[in-house]
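Notes to accompany the following structure.
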Ligand code: NAD
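In our numbering, the protein residues as written are 484 to 932.
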C-alpha cells in the first residue's frame, strides 16, 4: 500500500474509529487506487483522497411523528451529500433499524464511484434513518415519511440532490415523500426517483437493479465463454434487488435455488420461478424480515433457520440483501464447491477479507463489487431524471435496452481500467479506478472548493 493511501486511512481511523463500515469501504476503494496514485502524482498534490473522504455536507435532523396509539416518536434523519463533482448528489434513502451516520457515509462514499461508472452526470449521496418500517401501519409510514421530508426538502432539489429508495424505502415511501416535497416546495419536479408510473416514474425502475446485476453477470461469464443459461444460482435477500435478479436470471435460463432473510434461507431445488417470484412481493408485505413463510407455501422448499445460502453448491452467487452477509469462510466454501462467479447486488455484502480472497483467486472465480454490478438501479434513476427533464416517458423496451447497454459499458470500463493499471480481470480495481478518474479529474478542473 502506498504511503499516501496509508496516511489517509490512518487519518480516518484516528478521527472516527467507530465508523467501521465507512473505514471498510474506504479501505477497499483506496487500496485499489494505488497503481493510479503512483502513476499520477497530481492526485496527491491536489489532496484528492483527503477531499474525497470528507463529505461536502452531512445533515442530521429531528424527525418527530405520532404513532397509531397517539404516542410521540422521535427519530434522527440524515442526508450525506458526499460529492457533487460530476453532477447533483444522487443516492437512496434507507429506513432500517441499524442505520447510523456510519452506514450512510459508507453507502454515500460507494455511491460516488458507482454513479461515475454509469456514465451519467450524477454525484454521490445517501440518506436515511433508523426507523423500522416492519410492522408499521400505512398511516404510520405516511406520517414518518412526511415528517422526514418536512426537514429534508430544504436540502434537496432536482438540480441539487435527488434521493431514491433503498432498503425499507420502496414506491410507497417515495410517494409519501414526493407528495410532501411537492406541497412544501410548491413545484412538481423530478426531485426523487423511483416514482410511480403516473407521476413521473420510469418504467423498469423497480426491476432495474436486479436486472442490471444479471446483465453484468452475463457479461462476466462471457469472458470465460459461458452464459447464464443452465446455471444454478444462489440469491440472498427477497427484497427489491433479489426479486429483479431472480426474475432476470430465470428469464435467461438459469435456475435460482435460494433466497434468504435475516431469519435464514430457503432452498428450493425445483427453482424459484413463476408464481413463486410473485409470492416474494407478498412476503415483503407480510413480514420483510422473515423468509420462512415461503417453505410453508411451497412444499418443494426447505427453510434453513439461521443459515446463509452460500453453503449450497451453485455456479453463480448473487448476494442481494445487506452489507457483510458473505464472510471469508463462506467465500472459501463457494470456491471449493465450484462456484464460477460472485456478482454483488447489495452494497458491500462481502466482508473485506472475503473480497481479498476473491481477488487473490481471480483466475478461478469471477468477482464483481456491488458498485459495478448493482449500478443499474441508479443508472435507471438517471434515465428517470432525463425523462423528467424532457417531460417525456420512454417505453419499457427503450429503458431496458438503455439499461442493458449501460451495464455492458460499465463491464467494459471495469475490464479496461483493470487491464490498463496492471491487474487484468480484477473487477474491484477496475470499478474503483474507472469511477475515480472522472471524479478526481473533475475536482481538479473545478479548483479547491
Ligand atoms: P429491500 O428492503 O427491498 O430488501 C432488503 C432485503 O434484505 C430483505 O429481503 C430483508 O429481509 C433483507 N435483510 C434486511 N436486514 C437483513 C439482515 N440483517 N440480514 C439479512 N438480510 C436482511 O432492499 P433492496 O432495495 O432490495 O436493497 C438490498 C441491497 O441492495 C442493499 O444493500 C441496497 O443498498 C442495495 N441496492 C439497492 C438498490 C435499489 O435500487 N433498491 C440499488 C443498488 C443497491
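Note that the Cβ used here is the ideal one computed from N, Cα and C, for glycine as well. Just so we're clear, the structure is a prediction, and the values are computed from it rather than from any experiment.
> Roughly how many whole angstroms lie between the Cα atoms of residue 572 and residue 780?
Replying inline: Sequence index remark: in the chain shown, residue 572 carries index 89 (1-based). Sequence index remark: in the chain shown, residue 780 carries index 297 (1-based). Approximately 42 Å, taken between the alpha carbons.
> Could you give the residue range of the alpha helix (DSSP H) that holds residue 810?
Replying inline: Within the chain shown, residue 810 is the residue found at index 327, counting from 1. Membership of residue 810 in any alpha helix (DSSP H) is not indicated, and neither H nor E is assigned to it by DSSP.
> Among 586, 594, 894, which one has its Cα closest to the Cα of residue 701?
Replying inline: As a position in the chain shown, residue 701 is number 218, starting the count at 1. Closest by alpha carbon: 894.
> Counting Cβ pairs, one atom from each stretch, are 3 or more of them under 8 Å apart for the region 587 to 602 and the region 615 to 634?
Replying inline: Contact fails between the region 587 to 602 and the region 615 to 634, because fewer than three Cβ pairs, one in each stretch, are under 8 Å apart.
>> For residue 696 and residue 826, which I take to be in contact (beta-carbon distance under 8 Å), what is that distance rounded to the nearest angstrom?
In response: Taking the chain shown and counting its residues from 1, the one referred to as residue 696 is at position 213. Taking the chain shown and counting its residues from 1, the one referred to as residue 826 is at position 343. Between the beta-carbon of residue 696 and that of residue 826 there is about 6 Å, and that keeps the pair under the 8 Å contact cut.
>> Which residue wins for smallest C-alpha separation from residue 801, given the options 529, 783, 692?
In response: The count along the chain shown starts at 1 and reaches residue 801 at position 318. Ranking the options by Cα distance to residue 801, first place goes to 692.
> How many Å lie between residue 835 and residue 669 at the Cα?
Replying inline: The sequence position of residue 835 within the chain shown is 352, counting from 1. The sequence position of residue 669 within the chain shown is 186, counting from 1. Rounded to whole angstroms, residue 835 to residue 669 spans 45 Å at the Cα level.
> Is residue 760 near ligand 1, going by C-beta to nearest heavy atom under 7 Å?
Replying inline: Residue numbering aside, residue 760 sits at position 277 when the chain shown is read from its first letter. Checking every heavy atom of ligand 1 against the Cβ of residue 760, none is found closer than 7 Å.
> Does the beta-carbon distance from residue 760 to residue 777 come in below 8 Å?
Replying inline: Taking the chain shown and counting its residues from 1, the one referred to as residue 760 is at position 277. Taking the chain shown and counting its residues from 1, the one referred to as residue 777 is at position 294. No, Cβ-Cβ distance for residue 760 and residue 777 is not below 8 Å.
> What three-state label does DSSP hand residue 538 in the structure shown?
Replying inline: Working through the chain shown from its first residue, we reach residue 538 at position 55. Coil.
>> Looking at ligand 1, does it come within less than 7 Å of residue 721, judged from the CB to the closest heavy atom?
In response: As a first step, residue 721 must be located in the chain shown, where it is residue number 238. For residue 721, the Cβ falls inside the 7 Å cut-off from some heavy atom of ligand 1.
> Would the beta-carbon of residue 649 be found less than 7 Å away from any heavy atom of ligand 1?
Replying inline: Locating residue 649 in the chain shown gives position 166, counting from the first residue. For ligand 1, at least one heavy atom lies less than 7 Å from the Cβ of residue 649.
> Name the DSSP beta bridge partners of residue 566, please?
Replying inline: As a working note, residue 566 is residue 83 in the chain shown. Residue pairing by DSSP puts residue 566 in a beta bridge opposite 607.
>> Using a Cβ-Cβ cutoff of less than 7 Å, which residues in the same chain neighbour residue 631 once the five nearest sequence positions on both sides are dropped?
In response: Against the chain shown, residue 631 aligns to sequence position 148. Excluding the 5 residues flanking it on each side, residue 631 has same chain C-beta neighbours closer than 7 Å at 546, 560, 612, 660, in chain order.
>> Please list the terminal residues of the continuous alpha helix (DSSP H) segment that includes residue 572.
In response: Taking the first residue of the chain shown as position 1, residue 572 is located at position 89. Residue 572 -> not in any alpha helix (DSSP H); beta strand (DSSP E) instead, spanning 572 to 578.
> Should residue 503 go down as buried or exposed, given a rule of 16 or more other Cβ atoms within 10 Å for buried?
Replying inline: As a working note, residue 503 is residue 20 in the chain shown. By the 16-neighbour rule on beta-carbons within 10 angstroms, residue 503 is exposed.
>> What does the Cβ neighbour count give for residue 723, buried or exposed, with the cut at 16 atoms within 10 Å?
In response: The residue you call residue 723 lines up with position 240 of the chain shown. Flag for residue 723 reads buried.
>> Quick check on this structure: which residue in 537, 524, 521, 525 has the alpha carbon closest to the alpha carbon of residue 492?
In response: Sequence index remark: in the chain shown, residue 492 carries index 9 (1-based). Ranking the options by Cα distance to residue 492, first place goes to 537.
>> Do residue 799 and residue 721 count as a contact pair if the criterion is CB distance below 8 Å?
In response: For the purposes of this step, residue 721 is taken as the residue at position 238 of the chain shown. For the purposes of this step, residue 799 is taken as the residue at position 316 of the chain shown. No, these two residues do not count as a Cβ contact at 8 Å.
> Can you give the Cα-Cα distance for residue 857 and residue 887, rounded to whole angstroms?
Replying inline: Within the chain shown, residue 857 is the residue found at index 374, counting from 1. Within the chain shown, residue 887 is the residue found at index 404, counting from 1. As the crow flies, the alpha-carbon of residue 857 is around 12 Å from that of residue 887.
> Residues in its own chain within less than 7 Å of residue 907 by CB, not counting five upstream and five downstream?
Replying inline: What you label residue 907 is simply residue 424 of the chain shown in a count that begins at 1. Cβ neighbours of residue 907 beyond the five flanking positions: 901.
>> If the criterion is Cβ atoms closer than 8 Å, does the pair residue 837 and residue 809 meet it?
In response: On the chain shown, residue 837 is found 354 positions in, with the first residue counted as 1. On the chain shown, residue 809 is found 326 positions in, with the first residue counted as 1. Their beta carbons are under 8 Å apart, which means residue 837 touches residue 809 by this criterion.
> Cβ of residue 808 within 7 Å of any heavy atom in ligand 1?
Replying inline: Counting from 1 along the chain shown, the entry for residue 808 is found at position 325. Yes, since a heavy atom of ligand 1 falls inside the 7 Å radius drawn around the Cβ of residue 808.
> When the Cα atoms are used, what is the spatial distance from residue 828 to residue 574?
Replying inline: In the chain shown, residue 828 corresponds to position 345, counting from 1. In the chain shown, residue 574 corresponds to position 91, counting from 1. Taking the straight line joining both Cα atoms gives about 15 Å.
>> Extract the residue ranges of the alpha helix (DSSP H) inside the region 815 to 845, only unbroken runs of 4 or more that lie entirely within it.
In response: Assignment of alpha helix (DSSP H) within the region 815 to 845, counting only whole runs of 4 or more residues, yields 835 to 843 in chain order.
> Per DSSP, what kind of secondary structure is residue 546 in: helix, strand or coil?
Replying inline: The sequence position of residue 546 within the chain shown is 63, counting from 1. Looking at residue 546 - three-state DSSP - the assignment turns out to be strand.
> Below 8 Å between beta carbons: does that hold for residue 566 and residue 898?
Replying inline: As a position in the chain shown, residue 566 is number 83, starting the count at 1. As a position in the chain shown, residue 898 is number 415, starting the count at 1. Between residue 566 and residue 898, the C-beta spacing is not below 8 Å.
> Under 8 Å between the Cβ atoms of residue 628 and residue 656?
Replying inline: As a working mapping, residue 628 is identified with position 145 in the chain shown. As a working mapping, residue 656 is identified with position 173 in the chain shown. Going by C-beta atoms, residue 628 is nearer than 8 Å to residue 656.
> How long is the line joining the alpha carbons of residue 840 and residue 814, rounded to whole angstroms?
Replying inline: Here residue 840 is taken as the residue at index 357 of the chain shown, counted from 1. Here residue 814 is taken as the residue at index 331 of the chain shown, counted from 1. Approximately 7 Å, taken between the alpha carbons.
> Mind checking whether residue 677 and residue 684 have CB atoms under 8 Å apart?
Replying inline: The residue you call residue 677 lines up with position 194 of the chain shown. The residue you call residue 684 lines up with position 201 of the chain shown. Yes. Within cutoff.
>> Considering Cα atoms alone, identify which of 562, 637, 698, 880 is closest to residue 938.
In response: The requested residue 938 does not occur in the structure, where the chain is confined to residues 484 to 932.
> Going by the beta-carbon positions, is the gap between residue 725 and residue 740 smaller than 8 Å?
Replying inline: Your numbering for residue 725 matches position 242 in the chain shown. Your numbering for residue 740 matches position 257 in the chain shown. No, Cβ-Cβ distance for residue 725 and residue 740 is not below 8 Å.
> Considering only the beta carbon of each residue, do residue 926 and residue 508 sit closer than 8 Å?
Replying inline: For this step, residue 926 is matched to residue 443 along the chain shown. For this step, residue 508 is matched to residue 25 along the chain shown. Cβ atoms of residue 926 and residue 508: not closer than 8 Å.
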